[in-house]
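**Q**
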Amino acid sequence: MIFKFGKKPEQPAEREYRDEEEYELVKFKGATNGNDPNLHRAQRLVDAGLEPAKELVTDALLRRSELIRIDPKGAQSQVTLFIDGMPYSGGRLGKQESMAIVQMLKLLAGLDIKIRNQRQKSGLRAALEDDSYELELTVAPTDAGERLIIRVKDLSLELNTVEDLGGNVDHKQKLRDLLSDNGFLAIVGPPNSGVTTAAHAVMRGLDPYLNQMFSLGDIGDKELDNITPFEPEPGEELDESLRRLVRQEADIIFHSGIKDAETASTLLKWAKEVSIVTEYAAQNAAAGLVQLIEWSQKPELVAETVRGVIGIKLIRRLCPACKQVFKPNPSFLAKAGLPDDLGQLSRAAPRGEDIELCDECDGFGFRGRAAAFEVVEMNDAMKQLVQNKPSADEIQRLARKEGMLTLQKDALRLVAEGVTSLDELQRAFRSKK
Ligand SMILES: [Zn+2]
Numbered sequence: 118m119i120f121k122f123g124k125k126p127e128q129p130a131e132r133e134y135r136d137e138e139e140y141e142l143v144k145f146k147g148a149t150n151g152n153d154p155n156l157h158r159a160q161r162l163v164d165a166g167l168e169p170a171k172e173l174v175t176d177a178l179l180r181r182s183e184l185i186r187i188d189p190k191g192a193q194s195q196v197t198l199f200i201d202g203m204p205y206s207g208g209r210l211g212k213q214e215s216m217a218i219v220q221m222l223k224l225l226a227g228l229d230i231k232i233r234n235q236r237q238k239s240g241l242r243a244a245l246e247d248d249s250y251e252l253e254l255t256v257a258p259t260d261a262g263e264r265l266i267i268r269v270k271d272l273s274l275e276l277n278t279v280e281d282l283g284g285n286v287d288h289k290q291k292l293r294d295l296l297s298d299n300g301f302l303a304i305v306g307p308p309n310s311g312v313t314t315a316a317h318a319v320m321r322g323l324d325p326y327l328n329q330m331f332s333l334g335d336i337g338d339k340e341l342d343n344i345t346p347f348e349p350e351p352g353e354e355l356d357e358s359l360r361r362l363v364r365q366e367a368d369i370i371f372h373s374g375i376k377d378a379e380t381a382s383t384l385l386k387w388a389k390e391v392s393i394v395t396e397y398a399a400q401n402a403a404a405g406l407v408q409l410i411e412w413s414q415k416p417e418l419v420a421e422t423v424r425g426v427i428g429i430k431l432i433r434r435l436c437p438a439c440k441q442v443f444k445p446n447p448s449f450l451a452k453a454g455l456p457d458d459l460g461q462l463s464r465a466a467p468r469g470e471d472i473e474l475c476d477e478c479d480g481f482g483f484r485g486r487a488a489a490f491e492v493v494e495m496n497d498a499m500k501q502l503v504q505n506k507p508s509a510d511e512i513q514r515l516a517r518k519e520g521m522l523t524l525q526k527d528a529l530r531l532v533a534e535g536v537t538s539l540d541e542l543q544r545a546f547r548s549k550k
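Under our numbering, think of the first position of the sequence shown as 118, with each following residue one higher.
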């Protein structure tokens, strides 16, 4: 680790060098838009910005950040790192240093460094030790200067399957049931909550020998080996693409994300002919179903074609190296809704001034994330309810009554299995993400 992180990660930590330690810096491997810069022509910027940019990104990657934000604020810029969904201070930068870093990263990502009053977006490939990353840069003007957001895609990340996400055999069986016939299956979660990762994991779990599967739309760099990307003709509408796919006898079509009513209506219509899986942002499964009714304005079509909506919530995993196991008392278990014969639970290691930081998690107590799942299924009772344009609460009530899997219940499974702690569960369900 390059920057000493302090003992309490939640507290803003000033950046501090550990001079005595040898470390390797990130290598930038070129812009994803193919617009590779001529660094010789920007020698002054390179002198001022390259080294600090490398240090900042290296630090963020070593801490496993999924997002880096540099916010200009008066004479300084605030760096914020998001790690497993939680924001942490990455320290402050002086105005000149911050500008040099932002301009340098823009240049490396093939963006126009002369433009500072417009939103620009591009990607930058990077490598650190044996790991490859793609950094997705967005710069946007603010009153105080340019804000930079870097979304980190760890290309070697192992959240590839439903099992990696913490799902089990029951989840996989449920998925297979939901996809066993034509219809519409949605995977939803709050914005930026990892729902795309989860949807890809679900798709990867499907058997290419049993199904002819195609993907529609941009699924990014994450490879879905078992699925053939469908290339629409130039200018081809979604409706026509779907018609052609059905003609090619596709079994399952993975659509990379609904953002508007027209797309939703088109997909719902075609779900009578083929199995369609898609993902979009919604607070939970019930809200996801309400969203479909609103988009399509056709409750009958939703009732007829939707087979289920899967809600996903990512919860931080306890670090296996430093988590503590304890014997809970039965009344505590009962209060938490856990089986009272559970022999042991796990919790994060305590943090404190005199406690040595765990190497595996840098003293966070957590490493990586697991998913809790919930499923709203379109059974007869749900079909009837959907006709009346129900609220998310009404859907949730019926789903519970019908014994469907709820997020909270599935998340307790992760606690019972020692994957996460009750404290983390409480935190996750309090936050909107
Ligand atoms: Zn640890």
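In this text, a Cβ means the ideal position worked out from N, Cα and C, and glycines have one as well.
Small disclaimer: the values here were computed from a predicted structure and weren't measured.
Kindly indicate which three-state DSSP category Ser382 falls into: helix, strand or coil?
**A** helix
**Q** Could you spell out the range, first to last residue, of the alpha helix (DSSP H) harbouring Lys223?
**A** Lys212 to Leu225
**Q** Output the distance between the C-alpha atoms of Pro351 and Asp298, rounded to the nearest integer angstrom.
**A** Cα-Cα distance, rounded: 31 Å.
**Q** Considering Thr314, what are the terminal residues of the alpha helix (DSSP H) in which it resides?
**A** Where Thr314 is concerned, the enclosing alpha helix (DSSP H) stretches over Val312 to Arg321.
**Q** So does Glu633 have its beta carbon nearer than 7 Å to some heavy atom of ligand 1?
**A** Given that the chain is displayed from residue 118 to residue 550, the structure contains no residue 633 and the question cannot be resolved.
**Q** So for Leu333, helix, strand or coil by DSSP?
**A** strand
**Q** With a Cβ-Cβ cutoff of 8 Å, do Leu522 and Leu502 count as a contact?
**A** no
**Q** Where does Gly480 sit, in a helix, a strand or coil, going by DSSP?
**A** coil
**Q** Return the Cβ separation of Leu252 and Ala243 in integer angstroms, given the expectation that the two are a contact with Cβ distance under 8 Å.
**A** 6 Å
**Q** Taking 7 Å as the cut-off, is the beta-carbon of Gly509 closer than that to any non-hydrogen atom of ligand 1?
**A** The sequence shown places Ala at residue 509, rather than the Gly named in the question. For ligand 1, not one heavy atom lies less than 7 Å from the Cβ of Ala509.
**Q** Determine the direct distance from the alpha carbon of Lys518 to that of Val423, and round the result to whole angstroms.
**A** 19 Å
**Q** Nearest by alpha-carbon distance to Ser392: which of Val536, Leu323 and Ala528 is it?
**A** Leu323
**Q** Looking at the structure shown, is Lys124 part of a helix, part of a strand, or coil, going by DSSP?
**A** No answer about Lys124 holds up, because its pLDDT of 37 lies below 50 and its placement is not dependable.
**Q** Of the residues Ile267, Phe371 and Phe145, which one's Cα is nearest the Cα of His317?
**A** Phe371
**Q** Excluding five sequence neighbours on each side, which residues of the same chain lie with their C-beta closer than 6 Å to the C-beta of Arg530?
**A** none
**Q** With DSSP as the reference, please indicate the residues paired to Tyr250 in a beta bridge.
**A** Ala243 and Asp271, per the DSSP bridge assignment.
**Q** Would you tell me roughly how many angstroms separate the C-alpha atoms of Asp188 and Asp540, rounded to the nearest one?
**A** 30 Å
**Q** Of the choices Asn150, Ala170, Asp153 and Leu162, whose alpha-carbon is the least far from that of Val143?
**A** The option with the nearest alpha carbon to Val143 is Ala170.
**Q** Which full runs of the beta strand (DSSP E) of 3+ residues lie inside the stretch 171-199, going along the chain?
**A** 184-190
**Q** Taking the C-alpha atoms as reference points, what is the distance between Arg433 and Arg486?
**A** 4 Å
**Q** Tell me which residues share the same chain as Ala402 and place their Cβ nearer than 7 Å to its Cβ, disregarding the 5 neighbours each side in the sequence.
**A** The answer, listed in chain order, is Val305, Val426, Ile427, Gly428, Glu491, Val492 and Val493.
**Q** Report back the beta-carbon spacing between Asp368 and Met320 to the nearest angstrom; my notes put them in contact at under 8 Å.
**A** That pair is no contact at about 12 Å.
**Q** Is any non-hydrogen atom of ligand 1 found closer than 7 Å to the C-beta of Gly551, if you look at the structure I gave you?
**A** Nothing about residue 551 can be read from this structure; the chain reaches only from 118 to 550.
**Q** Would you decide whether Glu133 is buried or exposed? Buried here means 16 or more other CB atoms lie within 10 Å of its CB.
**A** Low confidence applies to Glu133: its pLDDT is 44, below 50, so where it sits in the model is not reliable, and the reading given next is rough at best. Looking at its Cβ environment, which holds fewer than 16 other Cβ atoms inside 10 Å, Glu133 is exposed.
**Q** With 16 other CB atoms within 10 Å as the buried threshold, where does Pro456 fall?
**A** Around the Cβ of Pro456, a 10 Å sphere holds fewer than 16 other Cβ atoms; the residue is exposed.
**Q** Is Leu385 near Val419, with beta carbons less than 8 Å apart?
**A** yes
**Q** Ignore the nearest five residues each way along the sequence and tell me which others in Ala381's own chain have a CB closer than 7 Å to its CB.
**A** Ile375, Leu409, Trp412 and Ser413
**Q** Verify whether the separation of the beta carbon atoms of Ala488 and Gly405 is less than 8 Å.
**A** no
**Q** Return helix, strand or coil for Gln461, following the three-state DSSP convention.
**A** coil
**Q** Once DSSP output is grouped into helix, strand and coil, what is the label at Thr422?
**A** helix
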